[in-house]
Amino acid sequence: MPELPEVETIRRSLSRTITGKKIKSLDVRTKKLFIGSSDDMIGSTIISLKRWAKIFTIVLSNGRFVQIHLKMSGELLYAKDSKNAELKNILPRAGSKKLPNKHTRIIVFFTDNSALYFNDLRMFGWMKVTTKEEKPKSPDALSREFTVDHLQHVFCSTKRSIKTVLMDQEKMGGIGNIYANDALWQAKIHPARAAISLTITEIKKLHRAIIEILKEAIKYKGSSAKDEMYVLPNGEKGQYQNHLKVYHRTGSPCLRCKTKIEAMRLGGRGTFFCPKCQK
DNA sequence: CTGCGGTCCTGAAGGC
DNA sequence: TGCCTTCAGGACCGCA
Numbered sequence: 075m076p077e078l079p080e081v082e083t084i085r086r087s088l089s090r091t092i093t094g095k096k097i098k099s100l101d102v103r104t105k106k107l108f109i110g111s112s113d114d115m116i117g118s119t120i121i122s123l124k125r126w127a128k129i130f131t132i133v134l135s136n137g138r139f140v141q142i143h144l145k146m147s148g149e150l151l152y153a154k155d156s157k158n159a160e161l162k163n164i165l166p167r168a169g170s171k172k173l174p175n176k177h178t179r180i181i182v183f184f185t186d187n188s189a190l191y192f193n194d195l196r197m198f199g200w201m202k203v204t205t206k207e208e209k210p211k212s213p214d215a216l217s218r219e220f221t222v223d224h225l226q227h228v229f230c231s232t233k234r235s236i237k238t239v240l241m242d243q244e245k246m247g248g249i250g251n252i253y254a255n256d257a258l259w260q261a262k263i264h265p266a267r268a269a270i271s272l273t274i275t276e277i278k279k280l281h282r283a284i285i286e287i288l289k290e291a292i293k294y295k296g297s298s299a300k301d302e303m304y305v306l307p308n309g310e311k312g313q314y315q316n317h318l319k320v321y322h323r324t325g326s327p328c329l330r331c332k333t334k335i336e337a338m339r340l341g342g343r344g345t346f347f348c349p350k351c352q353k
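The working numbering numbers the first residue of the first sequence as 75 and each following residue consecutively.
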């Protein structure tokens with residue numbers, strides 16, 4: 075499930091490959107995933123790719139913005155030759171290695187015959203064309219606005235569990251289930267703690283932990299654990315799944331104290347923690 | 001404001 | 001082997 079590190083990894087990769095390319099045509103195979111008019115993209119050149127939290131924004135030369143949310147199972151795949159597109163390394167359940175495949179929902183063709191494929195097995199994701207960039211007011215977790223003061227302000231007014239608040243995109247952007255779990259382990263804070271109960275020392279520690287974990291995940295190009303279909307635009311997997319702290323590590327020893335990692339449900343989500351060192 | 005459960009959707013995993 | 005049920009999960013929505 076693409077979270078901030080995965081989306082950022084894809085953004086960096088695509089930024090190198092599709093910036094400057096001119097859009098020739100679109101093939102919208104699954105209409106429900108496309109919002110707006112695909113005609114608004116045709117003939118336009120890609121100026122840049124931006125990211126806020128888990129949302130991509132492709133800036134077009136005609137003043138429009140293409141925004142993309144991959145949600146659970148979305149993938150953005152790039153092929154230089156759309157007439158004969160085949161990826162290496164792509165996870166088997168993402169359909170076949172050939173593109174397009176059964177999970178291909180939208181294809182953006184460029185004038186040089188390369189193409190961008192929006193694949194999405196579960197079809198929760200979306201792509202939309204807008205005339206202005208839409209983004210929530212909350213700070214992206216790797217932005218300058220993501221400060222200790224902001225966290226303190228958010229936490230002091232709610233009794234909700236700290237993990238639920240970290241994943242609330244209205245409060246801060248980019249943290250999903252994997253990195254909420256791992257950041258709380260890094261900060262030695264129990265996920266079920268009421269946000270309001272955190273001390274200033276703990277908030278500082280958590281703030282640092284969030285940034286460290288997200289940066290580490292970007293370093294490893296995101297997480298492609300067994301449940302995740304996340305792949306880079308060339309079909310390559312990320313490697314953070316080999317560096318997970320607690321996520322999906324139920325029964326395995328804590329990396330700090332060797333205590334067995336436990337699992338619980340919190341806000342309907344799988345939650346993993348060390349019962350000894352997370353207080 | 002808060003939690004809770006349902007919804008979207010598919011395929012993996014488990015039961016028998 | 002194969003059918004059937006259950007479940008995961010980001011965001012959102014209605015309800016208590």
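C-beta atoms are modelled at their ideal positions from N, C-alpha and C, and glycine is treated no differently. Because the structure is a prediction, the values reported are computed rather than measured.
Which residue from the options puts its Cα closest to that of residue i?
i	options	result
F139	F130, N251, E219, D223	F130
S87	Y152, Q313, C351	Y152
P76	Y314, P327, T345	Y314
G250	D214, M115, I274	D214
T83	D242, T119, G248, F198	G248
T204	S135, F183, I287	S135
Y191	G344, V102, K279, I252	V102
D113	S99, L216, T104	S99
S118	T221, G94, Q243	G94
H281	L340, L306, R218, K319	R218
T221	K279, P265, S231, I92	K279
G341	A254, H177, I335	A254
P265	N175, L78, I335	I335
N175	I252, T104, T91, S231	T104
Give every residue of the same chain whose Cβ lies closer than 6 Å to the Cβ of residue i, excluding the five residues on either side of it in the sequence, and list them in chain order.
i	result
L161	K171, G309
K209	W126
A283	A257, Q260, A261
A54	With the chain represented from 75 up to 353, any question about residue 54 goes unanswered, as that position is not in the structure.
S89	L123
A159	A153, L173
Taking all protein chains shown into account, decide if residue i is buried (16 or more other Cβ within 10 angstroms of its Cβ) or exposed.
i	result
A189	buried
K289	exposed
M115	buried
I109	exposed
H43	No statement about residue 43 is possible, as the shown extent of the chain runs from 75 to 353 and does not include it.
L179	It is Arg, not Leu, that sits at residue 179 in the sequence shown. With 16 or more Cβ atoms within 10 Å of its Cβ, R179 is classed as buried.
R85	buried
I274	exposed
R339	exposed
For residue i, I'd like the list of residues in its chain whose CB is within less than 8 Å of its CB, leaving aside the five on either flank, ordered along the chain.
i	result
F229	I236, V239, A269, I270, L272, I277
K350	C328, C331, T333
Q107	For the record, residue 107 in the displayed sequence is Leu; it is not Gln. Cβ neighbours of L107 beyond the five flanking positions: R179, I180, F192, D194, M197, G199, W200, M201.
I121	T93, V133, L134, S135
H224	P213, M246
For residue i, which residues of its own chain have a beta-carbon under 7 Å away from its beta-carbon, when the five flanking residues on both sides are left out?
i	result
Y294	G312, Q313, Y314, H317
N187	D155, S156, K157
K245	S212, V228, V239
Q243	A127, P210, S212
E207	T131, F139
Return the Cβ separation of residue i and residue j in integer angstroms, given the expectation that the two are a contact with Cβ distance under 8 Å.
i	j	result
K262	K353	7 Å
A291	H322	Contact doesn't hold; Cβ gap of about 14 Å is too wide.
V320	C348	6 Å
I97	F184	6 Å
G344	E80	G344 to E80, Cβ: 18 Å. No contact.
I287	L216	The Cβ separation is near 11 Å, so there is no contact.
Report yes or no: do the segment 119-133 and the segment 142-151 share at least 3 C-beta pairs separated by less than 8 Å?
-> yes
Are the segment 256-274 and the segment 231-248 touching, with three or more C-beta to C-beta distances below 8 Å?
-> yes
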